[in-house]
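Numbering (the numbering used here), first residue to last: -3 to 65.
Below, the structure written as structure tokens:
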């Protein structure tokens, strides 16, 4: 291989690396959004469970706990 061929190959590899880096950054952003959505959903479920728990009497709480609900 001569220098020209090597330079051409290096430029092609650099372009591929840039494409891969963009893809990785995009995927990382999507993953971060998914984590935030999951945390938000978890928080909402916890609030609903807390509200449901507070509406029950002592016997209802005990019964829910015993039944694993």
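Built from N, CA and C at the ideal position, the CB exists for glycine as well. Owing to the predicted nature of the structure, the values given are computational and were not obtained by experimental measurement.
Residue i vs residue j beta-carbon contact at 8 Å
i          : j          : result
residue 49 : residue 40 : no
Cβ-based neighbour list, residue i, same chain, cut-off 6 Å, excluding 5 preceding and 5 following
i         : result
residue 5 : none
Close-in-space but distant-in-sequence residues of the same chain around residue i (CB under 7 Å, 5 per side omitted)
i          : result
residue 55 : none
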